[in-house]
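J.: If you count by my numbering, then the sequence shown holds residues -13 to 262, one letter each, in order.
C-beta atoms are modelled at their ideal positions from N, C-alpha and C, and glycine is treated no differently.
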Amino acid sequence: MFDVHTHALRSEHWGHEWDDHWKPVYQYDWVDVTPERYDEAMTGVVDSACVFGLTADHVGMSTPNEFIEQFSNDTSTLTYPFAALDPSGPGAIEKLDDAISRGLRGVKLYPVLGLYDIREERFDGFYRRATEAGLVFLWHMGASPSPVGKLELSNPILVDEVARRHPGLVQVIAHLGHPWQRETMVVLRKNRKVYSDVSASWARPIDGHRALLRAQEWGAVPKLLFGSDYPMWTPAEAVEGFKQMAAMKVDGLPSVSNDLVDWVLNGDPREELGLL
């Protein structure tokens, strides 16, 4: 199994954001992700995975390129390390070039906490450089527990404008863009190189189940990717949550197809994403 959405999270990269804004919502203490914990969670379920941290300059969150490079080297799991960058911050292009020189394969971006509008033309140089290098963008799109976040900057419909100006850029909308899954589906249908992962969709199963039905209606099933959102869930927990959500039956609505479930859990999109 390929997992497009896993984190190597360390408390020193988060500043005060966890204690001030996330812990009051999730109600558990922070546990650092180590290569050993990571491999233990992946073993027997995930064969390869994208791994990244989080960066949002506005709230003081920053995962260094060198950290994620070393973390990936230290795992026995086949990992594709992604930089975590904020294109609105100082030295963004230089940090992107550093990521490329280190062999990182993509970029995780977090506009809801970085407080930047991804459609702004001032980011076009950043997007062009990433496209030239064959990087994958994974956008956190959708909800945030942090009161600092600006939700209008986290609607997946914004990705459409980036894709229109940069059609060669491979982009992944995280979490099906929840709660704006309907918008995600029309963006996937329209743009050839835009995908979405299903991570965390089982946490809101009513919305998540309807999102899978919408993917079927809009012909977007081949654009869906498995993501566990580790360490929020282990891959095993994520698979079980996804299966239970997909198996839900609602009177008057069609069923989620076996083909959709099989593709998400057993398909290998790495070549399409440019990772192979």
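(1) Would you kindly check if the distance between the Cβ of Thr(-8) and the Cβ of Tyr264 is under 8 Å?
(2) Would you kindly report the start and end of the unbroken alpha helix (DSSP H) that includes Ile54?
(3) Just curious, the beta strand (DSSP E) that Ala70 is in, first and last residue?
(4) For Thr29, which of Asn51, Lys9, Asp5, Met(-13) has the nearest alpha-carbon?
(5) Candidates Gly46, Pro50, Gly213, Gly75: which alpha carbon is nearest His7's?
(6) Output the boundary residues of the beta strand (DSSP E) element that contains Val93.
(7) Please state the DSSP three-state secondary structure of Tyr24.
(8) Under 8 Å, do Ile92 and Thr117 count as touching if we go by C-beta distance?
(9) Since Leu(-5) and Val19 should fall inside the 8 Å C-beta cutoff, what is the C-beta to C-beta distance between them, to a whole number of angstroms?
(10) In whole angstroms, give me the CA-to-CA distance for Phe109 and Ser(-3).
(11) Are the region 67 to 85 and the region 231 to 245 in contact at 8 Å, needing three or more beta carbon pairs?
(12) Whole-angstrom Cβ separation of His44 and Leu99, contact assumed at under 8 Å?
(13) Among all the DSSP beta bridges, which residues are the ones paired with Ile159?
(14) For Val156 versus Phe112, is the C-beta distance shorter than 8 Å?
(15) I need the straight-line Cα distance from Leu121 to Gly260, nearest angstrom please.
(16) Return the CA-CA distance between Val37 and Ser58, expressed in angstroms with no decimal places.
(17) What did DSSP end up calling His276 once you bin it into helix, strand or coil?
(18) So what does DSSP say about Ser34, is it helix, strand or coil?
(19) Please classify His2 as buried or exposed, where buried requires at least 16 neighbouring CB atoms within 10 angstroms.
(20) In terms of residue numbering, what span does the beta strand (DSSP E) encompassing Val(-10) cover?
(21) Going by C-alpha to C-alpha distance, which of Gln56, Pro50, Arg114, Asp60 sits closest to Leu71?
(22) Nearest by alpha-carbon distance to Ile104: which of Leu210, Ala85, Trp0, Pro142 is it?
(23) Would Thr61 and Pro21 qualify as a contact pair, given that the criterion is a beta-carbon distance under 8 Å?
(24) With respect to the alpha helix (DSSP H) encompassing Val247, which residues constitute its N-terminal and C-terminal limits?
(25) Between the Cα of Tyr24 and the Cα atoms of Asn244, Met218, Ala119, which residue gives the shortest distance?
(26) Would you kindly work out how many angstroms separate the C-alpha atoms of Arg114 and Ala149, rounded to a whole number?
(27) Specify the secondary structure class of Met47 as computed by DSSP and reduced to three states.
T.: Let me lay it out:
(1) No answer is possible for residue 264: it lies beyond the span of the chain, which begins at -13 and ends at 262.
(2) 51 to 60
(3) 64 to 70
(4) Met(-13)
(5) Gly46
(6) 92 to 95
(7) helix
(8) The residue you asked about is not Ile; residue 92 is Gly in the sequence shown. The answer is no: Cβ separation not under 8 Å.
(9) 5 Å
(10) 29 Å
(11) no
(12) 6 Å
(13) Trp125, Ser182
(14) no
(15) 8 Å
(16) 8 Å
(17) Residue numbering for the chain in the displayed model covers -13 to 262; residue 276 lies beyond these limits and cannot be assessed.
(18) strand
(19) exposed
(20) -12 to -7
(21) Pro50
(22) Pro142
(23) yes
(24) 244 to 252
(25) Met218
(26) 11 Å
(27) strand
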